[in-house]
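Each remark here refers to the structure printed beneath this line.
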Amino acid sequence: MSEQARRRPPKPYRRPQKDPVRMLAFEALRAVDERDAYANLVLPPLLKKAREKEGPDKFDGRDAALATELVYGTLRRQGTYDAIIAACIDRPLREVDPPVLDVLSLGAHQLLGTRIPTHAAVSASVELARVVLGDGRAKFVNAVLRKISQQDLDAWVEQVAPPYDEDAEDHLAVVHSHPRWVVSALWDALGGGRAGIEDLLEADNERPEVTLVARPGRSTTEELAAATETLPGRWSPYALRMAEGGEPGAIEAVKEGRAGVQDEGSQLVAIALANAPVEGTDARWLDGCAGPGGKAALLGALAAERGAFLLASEKQPHRARLVERALAGNPGPYQVIAADGTRPPWRPGTFDRVLMDVPCSGLGALRRRPEARWRRRPGDLDGFAPLQRALLTEALGAVRVGGVVGYATCSPHLAETRVVVDDVLKKVGGAELIDARPLLPGVPALGDGPDVQLWPHLHGTDAMYLALIRRTA
Numbered sequence: 425m426s427e428q429a430r431r432r433p434p435k436p437y438r439r440p441q442k443d444p445v446r447m448l449a450f451e452a453l454r455a456v457d458e459r460d461a462y463a464n465l466v467l468p469p470l471l472k473k474a475r476e477k478e479g480p481d482k483f484d485g486r487d488a489a490l491a492t493e494l495v496y497g498t499l500r501r502q503g504t505y506d507a508i509i510a511a512c513i514d515r516p517l518r519e520v521d522p523p524v525l526d527v528l529s530l531g532a533h534q535l536l537g538t539r540i541p542t543h544a545a546v547s548a549s550v551e552l553a554r555v556v557l558g559d560g561r562a563k564f565v566n567a568v569l570r571k572i573s574q575q576d577l578d579a580w581v582e583q584v585a586p587p588y589d590e591d592a593e594d595h596l597a598v599v600h601s602h603p604r605w606v607v608s609a610l611w612d613a614l615g616g617g618r619a620g621i622e623d624l625l626e627a628d629n630e631r632p633e634v635t636l637v638a639r640p641g642r643s644t645t646e647e648l649a650a651a652t653e654t655l656p657g658r659w660s661p662y663a664l665r666m667a668e669g670g671e672p673g674a675i676e677a678v679k680e681g682r683a684g685v686q687d688e689g690s691q692l693v694a695i696a697l698a699n700a701p702v703e704g705t706d707a708r709w710l711d712g713c714a715g716p717g718g719k720a721a722l723l724g725a726l727a728a729e730r731g732a733f734l735l736a737s738e739k740q741p742h743r744a745r746l747v748e749r750a751l752a753g754n755p756g757p758y759q760v761i762a763a764d765g766t767r768p769p770w771r772p773g774t775f776d777r778v779l780m781d782v783p784c785s786g787l788g789a790l791r792r793r794p795e796a797r798w799r800r801r802p803g804d805l806d807g808f809a810p811l812q813r814a815l816l817t818e819a820l821g822a823v824r825v826g827g828v829v830g831y832a833t834c835s836p837h838l839a840e841t842r843v844v845v846d847d848v849l850k851k852v853g854g855a856e857l858i859d860a861r862p863l864l865p866g867v868p869a870l871g872d873g874p875d876v877q878l879w880p881h882l883h884g885t886d887a888m889y890l891a892l893i894r895r896t897a
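Counting in this note's numbering, the sequence shown runs from 425 upward without gaps.
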């Protein structure tokens, strides 16, 4: 060391500066990782807390939008970013501490998935690392992000993804950031073809629109359109799509429960069941897995228009309370109970219409819950299978001869859709599938029937599945 260098005074210590937007995004990712939380449940209270702490002038709408994009964008592209980060470090990815990996992933998303300038993305991420990890690990973050910044996303993907011709599923998994087993399952459900699976996987990585439902007899699409900037729904007569940045909680009809936020695919399931032809009376309806209450609220409003009674049943008491809240003020007769649909308290043959929207893997809603793709495992389907079959079996027992059951899942996985329906119909007897396609008028690409599978890339909805079954004996 030179004499001049020895005499030079050390640089004064600079306290790391907290960036509230990136701190919030980091806290959300840690909650998802540590507590198996869902981002859509974690973010709202964190945003509210930030506004209260920083003040509305300091944490404005742009700050909230950036924090939301950082969280959801990082979770959606996590698989791709993991592969890129792994190429930039000299140890297995599993040996990187999860909080360090979260900071790296946030930085990677800013560099590769947003328009944030390179120098700003790196410096902001390193500053975040200094705050939450300390100076030592911040240097590691700085070195890795500088490597990542040397190429754009396309160049990195070409480097880290195996060629399609050598391993198609692994290629698609890295390029489109889905676990390999999910790629395989979705491809099977689509029925083959590269274009379709790539379109679907890319649609899973897009930010979904916020869709409103005007509950009939309680609100109208005209009322909602007058309250906020919207576009018409694509398929449901009760749907409106909100303009980007709109706040549904600020709409009076939503505050009062006369309208709600509900994916259009979910609306179509309820509408199709309500409009399915039944033989004889049409006075008693059942929603056998009603939580958290979106479909029950729409079914209740449709039932009320016909003078029908709706029983909404939900096994978990806390979810039953959500159903009560969703149905509060329904103009027609209804009742909410906490009951297990596999051991029902109602007598066989009680109902004219039954909806059984069963618990499932949720692979149809990966746009809204991107973390679910990393949390689910193939073995999870084995856990759902007996429950799904038991619930459908009891639903067929609950409906009278001439009545209709709607079996629905928010999953396109064949093991949760057609396989369940086929197995139960073989065992139960006295029931037949009816064609659901005419009950979704105007909706294209519904396949060969008689059941229906909706798709994000074809219909702009969650990947809802519906089979309609009439009791014949």
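Every residue gets a Cβ at the ideal spot worked out from N, C-alpha and C, and that includes glycine.
For residue i: DSSP bridge partner residues
i	result
residue 893	829, 857
residue 665	635, 655
residue 877	889
residue 738	762
residue 733	708
residue 823	775
Inter-residue CB distance, residue i and residue j (contact presumed, cutoff 8 Å)
i	j	result
residue 722	residue 694	4 Å
residue 768	residue 822	6 Å
residue 676	residue 651	7 Å
residue 580	residue 513	The pair is not a contact, with the Cβ atoms about 14 Å apart (cut-off 8 Å).
residue 756	residue 727	6 Å
residue 783	residue 820	Contact flag wrong, Cβ pair sits at about 18 Å.
residue 595	residue 629	That pair is no contact at about 16 Å.
residue 443	residue 548	6 Å
residue 798	residue 603	7 Å
residue 866	residue 709	Not quite, the Cβ-Cβ distance comes to about 25 Å (not below 8 Å), so this is no contact.
residue 688	residue 649	The Cβ separation is near 16 Å, so there is no contact.
residue 575	residue 511	The pair is not a contact, with the Cβ atoms about 10 Å apart (cut-off 8 Å).
residue 492	residue 517	In fact, because the Cβ distance is near 26 Å, the residues do not count as touching under 8 Å.
residue 463	residue 452	6 Å
Proximity below 8 Å, CB of residue i to CB of residue j
i	j	result
residue 419	residue 528	With the chain covering only 425 through 897, there is no way to say anything about residue 419.
residue 725	residue 754	yes
residue 746	residue 864	no
residue 696	residue 870	no
residue 896	residue 855	yes
residue 683	residue 637	yes
residue 752	residue 681	yes
residue 494	residue 533	yes
residue 490	residue 445	yes
residue 805	residue 837	yes
residue 829	residue 893	yes
residue 488	residue 465	no
residue 880	residue 859	no
residue 775	residue 827	yes
residue 657	residue 635	yes
residue 530	residue 450	yes
residue 786	residue 796	yes
residue 552	residue 666	no
residue 835	residue 763	no
residue 832	residue 779	yes
residue 794	residue 496	yes
residue 535	residue 572	yes
residue 522	residue 457	yes
residue 824	residue 765	no
residue 537	residue 501	yes
residue 720	residue 744	no
residue 777	residue 702	yes
residue 729	residue 641	yes
Check: residue i C-beta below 7 Å from any heavy atom of the ligand PLP
i	result
residue 626	Judged by which ligands are present, the structure shown has none, so any question about the ligand PLP falls away.
Exercise. Does the count of Cβ pairs from the stretch 735-749 and the stretch 708-723 closer than 8 Å reach three?
Worked result: yes
Exercise. Counting pairs of Cβ atoms below 8 Å between the stretch 600-608 and the stretch 566-573, do you hit three or more?
Worked result: no
Exercise. Unbroken beta strand (DSSP E) runs of length 3 or more, entirely within the stretch 658-713: which are they?
Worked result: 663-666, 683-685, 708-711
Exercise. Which whole runs of the beta strand (DSSP E) in the stretch 760-813 are 3 residues long or more, in chain order?
Worked result: 775-781
Exercise. Can you give, in chain order, each stretch of the alpha helix (DSSP H) that sits fully within the stretch 472-533 and has at least 4 residues?
Worked result: 485-500, 502-511
Problem set entry | Given 8 Å, three or more beta-carbon pairs between the stretch 468-486 and the stretch 551-560 | no
For this session: Entirely within the stretch 541-600 and at least 4 residues each: give me those alpha helix (DSSP H) ranges in chain order.
Result: 542-556, 559-572, 577-584, 592-600
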